[in-house]
Ligand SMILES: [Zn+2]
């Protein structure tokens, strides 16, 4: 069976098959980590864990969490489960905060990365006939390569442009008839802006799908992007620590959340402060256990992603994998102001509903929201923020083009 067929088969596993794989792989990975990673052996011993007593995923809460700080402390490869000879590449987790960490891959990990990304391609209907333009950077950051591996595997027409000059991106879209654009979530609106300056109407181009990830983005922003491109925008999750873009799941066709590839990743939602496991529907931090990664599987990894479990029932789209809500933000982007907790995406929802595309939130003694848009919008936006979030920030309307544009992740939140 080739990778494309394997990916297609993986998408359609039944609940029974998923549970069987999940339990079997979970038992195996706990033992694998214990026997092959000195880090996990020490950690489990310190916590008094008998790995033979771990029988099913129900036992996951007996195991300790793994946190990003431990990945930093064990730089460069001290958490690895394989010898250096078995490693074929590394990528780096930048995240939005702190020092980067290195994630190693075996050949098997790279093949798995392709296969899981191909599940997303299959659901989105992307095939060898597509012209796929990759705008995330190629390098230690995983974005560019993740898309590339899968696009190459299906013999699509790949344009590996990387994070280039936006005018060039548009030129290539026009000249080569790009049909699929892969990007960070904030980049398409920048492309739209430059296209307008160049007199290019994106709606007349053959772009029909956008795969967007790497940062949280709201439904309101999705509407703006889809309108600008006359195309469908898909949310593609993925965390470098879990193997990169496209590994953990993909957006449901019905747009009711993200399906988690539970045969490869076990997902829990915990209270970010207490670590207590939360019930379905409750918002908290996503915790991942990678079930099939070889070089550096992580057990109960605190991702910092904020979400909640939506459903464990079979979905309208026919998939039997559980769904989680699209990522709302990162725990370290949470702002607490006068007792109110909110994320930049909460502000984005309100601003985007007024057609605002570029904004920045400054958090200091008070909250200052800078946005590119007309001053006349200020009273209505203030009223909405007060109503939905319960406080009144300062608003600063700016002229178009004032805020810095990013080709990667946008800087939405500034703490001063
Ligand atoms: Zn679905």
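Numbering (the numbering used here), first residue to last: 2 to 417.
Every residue gets a Cβ at the ideal spot worked out from N, C-alpha and C, and that includes glycine.
Predicted, not measured: the structure shown is a model, and the values here were computed from it.
*Helix, strand or coil for residue 142, going by three-state DSSP, please let me know.*
As a working note, residue 142 is residue 141 in the chain shown. DSSP places residue 142 in strand when its eight states are reduced to three.
*Among residues of its own chain, excluding the 5 on either side of residue 64, which ones have a beta-carbon nearer than 6 angstroms to its beta-carbon?*
For this step, residue 64 is matched to residue 63 along the chain shown. 300 and 301, listed in sequence order.
*Hey, is residue 255 close to ligand 1, as in C-beta under 6 angstroms from one of its heavy atoms?*
To locate residue 255, count along the chain shown from 1; it is residue 254. Yes, the beta carbon of residue 255 sits closer than 6 angstroms to at least one heavy atom of ligand 1.
*Look up residue 19 in the DSSP assignment and say whether it is helix, strand or coil.*
For this step, residue 19 is matched to residue 18 along the chain shown. Of the three classes helix, strand and coil, the one that applies to residue 19 here is helix, per DSSP.
*Relative to the C-alpha of residue 198, which residue among 263, 167, 383 and 28 is closest?*
The residue labelled residue 198 in the question sits at position 197 within the chain shown. Nearest of 263, 167, 383 and 28 to residue 198, Cα basis: 167.
*asked:* I'd like to know whether the C-beta atoms of residue 147 and residue 307 end up nearer to each other than 7 angstroms.
replied: The residue you call residue 147 lines up with position 146 of the chain shown. The residue you call residue 307 lines up with position 306 of the chain shown. Contact flag unset, no.
_I need the straight-line Cα distance from residue 286 to residue 52, nearest angstrom please._
Numbered from its first residue, the chain shown carries residue 286 at position 285. Numbered from its first residue, the chain shown carries residue 52 at position 51. Looking at the two C-alpha atoms, the distance is approximately 25 angstroms.
*Would you mind stating whether residue 81 and residue 105 have Cβ atoms separated by less than 7 angstroms?*
Within the chain shown, the letter at position 80 stands for residue 81. Within the chain shown, the letter at position 104 stands for residue 105. Yes.
_Using a 10 Å radius around the Cβ and a threshold of 16 neighbouring Cβ atoms, would you call residue 40 buried or exposed?_
One-based indexing of the chain shown puts residue 40 at position 39. With 16 or more Cβ atoms within 10 Å of its Cβ, residue 40 is classed as buried.
*Could you give the DSSP three-state label for residue 97: helix, strand or coil?*
As a first step, residue 97 must be located in the chain shown, where it is residue number 96. In this predicted model, residue 97 has a pLDDT of only 49, less than 50, meaning its place in the structure is not dependable; the value taken from the coordinates is given anyway. Three-state DSSP puts residue 97 in coil, outside helix and strand.
*From the DSSP output, in three-state form, read off residue 285 for me.*
Position 284 of the chain shown holds residue 285. Correct three-state label for residue 285: strand.
*Neighbourhood of residue 162 by C-beta distance below 8 angstroms, restricted to the same chain and skipping five residues each side*: By 1-based counting over the chain shown, the position of residue 162 is 161. 134, 135, 136, 169, 170 and 173, listed in sequence order.
*DSSP three-state assignment for residue 260, whether helix, strand or coil*: For the purposes of this step, residue 260 is taken as residue 259 along the chain shown, with counting starting at 1. Of the three classes helix, strand and coil, the one that applies to residue 260 here is strand, per DSSP.
*Less than 8 angstroms between the CB atoms is what I'm expecting for residue 249 and residue 207, so what's the real figure, rounded?*
Taking the chain shown and counting its residues from 1, one reaches residue 249 at position 248. Taking the chain shown and counting its residues from 1, one reaches residue 207 at position 206. Between residue 207 and residue 249 the Cβ distance is about 30 angstroms, and since that is not below 8 angstroms, they are no contact.
*asked:* Using only the alpha-carbon positions, how far apart do residue 113 and residue 305 sit?
replied: Sequence index remark: in the chain shown, residue 113 carries index 112 (1-based). Sequence index remark: in the chain shown, residue 305 carries index 304 (1-based). Each residue's alpha carbon lies about 24 angstroms from the other.
_Nearest to residue 226 (by Cα), restricted to the options 204, 22 and 240_ = One-based indexing of the chain shown puts residue 226 at position 225. The candidate whose alpha carbon is nearest that of residue 226 is 204.
_For residue 339, count the other beta carbons within 10 Å of its own beta carbon; 16 or more makes it buried, fewer makes it exposed. Which is it?_
Against the chain shown, residue 339 aligns to sequence position 338. Exposed is the call here.
_Contact check, residue 270 vs residue 259, beta carbons under 7 angstroms_ = As a working note, residue 270 is residue 269 in the chain shown. As a working note, residue 259 is residue 258 in the chain shown. Not in contact: residue 270 and residue 259 (Cβ atoms no closer than 7 angstroms).
*Closer than 6 angstroms: is that where the CB of residue 320 sits relative to any heavy atom of ligand 1?*
Within the chain shown, numbered from 1, the residue matching residue 320 stands at position 319. Residue 320: yes, Cβ under 6 angstroms from ligand 1.
*Could you work out which residue in 67, 46, 16 and 412 is closest to residue 218 when comparing CA atoms only?*
Numbered from 1 along the chain shown, position 217 holds the residue referred to as residue 218. Comparing Cα-Cα distances from residue 218 to each of 67, 46, 16 and 412, the minimum goes to 412.
_According to DSSP, is residue 30 part of a helix, a strand, or is it coil?_
The sequence position of residue 30 within the chain shown is 29, counting from 1. Note: residue 30 maps to helix in three-state DSSP.
_Am I right that residue 395 and residue 387 are in contact with their C-beta atoms under 8 angstroms? What's the rounded C-beta distance?_
As a first step, residue 395 must be located in the chain shown, where it is residue number 394. As a first step, residue 387 must be located in the chain shown, where it is residue number 386. At roughly 13 angstroms, the Cβ-Cβ gap does not stay under 8 angstroms, so residue 395 and residue 387 are not in contact.
_So, for residue 252: in the same chain, excluding its five sequence neighbours on each side, which residues have a beta-carbon less than 6 angstroms away from its beta-carbon?_
As a position in the chain shown, residue 252 is number 251, starting the count at 1. The answer, listed in chain order, is 235, 236 and 259.
*Output the distance between the C-alpha atoms of residue 354 and residue 47, rounded to the nearest integer angstrom.*
One-based indexing of the chain shown puts residue 354 at position 353. One-based indexing of the chain shown puts residue 47 at position 46. Going by the C-alpha atoms only, they are around 51 angstroms apart.
_Let me confirm a value: residue 265 is counted as buried when at least 16 other C-beta atoms fall within 10 Å, else exposed. Which label applies?_
For the purposes of this step, residue 265 is taken as the residue at position 264 of the chain shown. Result: buried.
*Roughly how far, in whole angstroms, is the beta-carbon of residue 108 from the beta-carbon of residue 91, given that I think they are within contact range, below 8 angstroms?*
Within the chain shown, the letter at position 107 stands for residue 108. Within the chain shown, the letter at position 90 stands for residue 91. Between residue 91 and residue 108 the Cβ distance is about 13 angstroms, and since that is not below 8 angstroms, they are no contact.
*Helix, strand or coil for residue 266 per DSSP?*
Position 265 of the chain shown, counted from the start, is the residue given in the question as residue 266. Strand.
*DSSP beta-bridge partners for residue 361?*
On the chain shown, position 360 is the one that residue 361 refers to. DSSP output for residue 361 lists 371 as bridge partner(s).
_Can you list, in chain order, the residues of its chain with a C-beta nearer than 6 angstroms to that of residue 30? Leave out the 5 residues immediately preceding and following it._
Counted from its first residue, the chain shown places residue 30 at position 29. Closer than 6 angstroms at Cβ, skipping near neighbours: 292 and 298.
*Give every residue of the same chain whose Cβ lies closer than 7 angstroms to the Cβ of residue 380, excluding the five residues on either side of it in the sequence, and list them in chain order.*
On the chain shown, position 379 is the one that residue 380 refers to. Nothing listed; no residue qualifies.
*If you measure from the CB of residue 81, is any heavy atom of ligand 1 nearer than 6 angstroms?*
Against the chain shown, residue 81 aligns to sequence position 80. No.
*Any non-hydrogen atom of ligand 1 within 6 angstroms of residue 183 CB*: Within the chain shown, the letter at position 182 stands for residue 183. No, Cβ of residue 183 sits at least 6 angstroms from all heavy atoms of ligand 1.
*Whose CA, out of 385, 27, 241 and 406, lies closest to the CA of residue 195?*
Indexing the chain shown from 1 puts residue 195 at position 194. Looking at the Cα atoms, 406 is the closest of the given residues.
*Quick one: what's residue 124 bridged to in DSSP?*
Taking the first residue of the chain shown as 1, we reach residue 124 at position 123. Per DSSP, none; premise fails for residue 124.
*Taking Cβ to Cβ, would you say residue 359 is nearer than 7 angstroms to residue 373?*
Reading the chain shown from its first residue, position 358 is the one you call residue 359. Reading the chain shown from its first residue, position 372 is the one you call residue 373. It is a contact, given that the beta carbons lie within the stated cut-off.
*Below 8 angstroms on the Cβ atoms is my guess for residue 176 versus residue 157; work out the distance and round it to an integer in Å.*
Position 175 of the chain shown, counted from the first residue, corresponds to residue 176. Position 156 of the chain shown, counted from the first residue, corresponds to residue 157. Not confirmed; about 17 angstroms, so no contact.
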